[in-house]
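Asker:
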Amino acid sequence: MRQELLDSIKRSEGWRSQMYKDTLGIPTIGYGFAIKDLVLDEDVGEIILKRKIVYLIERIGKTFDWYKDMPFEVQDSIVEVCYQLGIRGFSKFKKTINFLKERDFLSAGDEFLDSKWAKQTPNRANRLADIVRKSEGK
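Structure below.
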């Protein structure tokens, strides 16, 4: 593929990071990708996932100054909760966050489970709570 072709299509379509309706009313995103026709193969999905995780890690670090001092397993658990609920959603876990800041990982894990989120996705919540609890003493 020639770079000139890529540049021409990018210039013609323009970039939109959020969904919009094109001139025909078709939901579209990116460089004119019609969502109704959009099919992602797993490789592309993983590229997007990795970029989103890197972005989340940066934002979490800026939002919670204590995050980078946590054991890696706890950091990963926080990222996974934020991936699912968003940083704003995670920030509503006030007691959990206070226990994390105090490095009381047993209580933080317990608090994960005292939530609407844990009732909605119990397998994930239990798995992440166990990971956080096992970090006690690290």
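Those letters in the sequence shown? Residues 2 to 139, per the working numbering, in order.
Glycine residues also receive a C-beta, built at the ideal position from the N, C-alpha and C atoms.
(1) On the criterion of 16 or more Cβ atoms from any shown chain inside 10 Å, does Trp118 qualify as buried, or is it exposed?
(2) Hey, could you find the ends of the beta strand (DSSP E) Gly110 is sitting in?
(3) Comparing alpha-carbon positions, which option in Gln4, Leu129 and Asp111 lies nearest Glu81?
(4) For Ile36, I'd like the list of residues in its chain whose CB is within less than 7 Å of its CB, leaving aside the five on either flank, ordered along the chain.
(5) Judging by CA-CA distance, which residue of Tyr84, Gly46, Lys139 and Ile98 is the nearest neighbour of Glu59?
(6) Look at Leu107 and Ala126 and say whether their C-beta atoms are less than 8 Å apart.
(7) At a threshold of 7 Å, does Ala35 count as lining the ligand ZN (C-beta to nearest heavy atom)?
(8) What are the start and end residues of the alpha helix (DSSP H) that includes Lys96?
(9) Ile61 and Ile49: beta carbons closer than 8 Å?
(10) Would you identify the three-state DSSP class for Ser18, choosing helix, strand or coil?
(11) Would you kindly work out how many angstroms separate the C-alpha atoms of Asp77 and Gly46, rounded to a whole number?
Answerer: The answer reads as follows:
(1) buried
(2) Per DSSP, Gly110 belongs to no beta strand (DSSP E); it is in the alpha helix (DSSP H), Phe106 to Leu114.
(3) Leu129
(4) Met20, Pro28, Thr29 and Ile30
(5) Tyr84
(6) no
(7) For the structure depicted, the ligand ZN is absent and the ligand set is empty, with no information on it obtainable.
(8) Lys95 to Lys102
(9) no
(10) strand
(11) 20 Å
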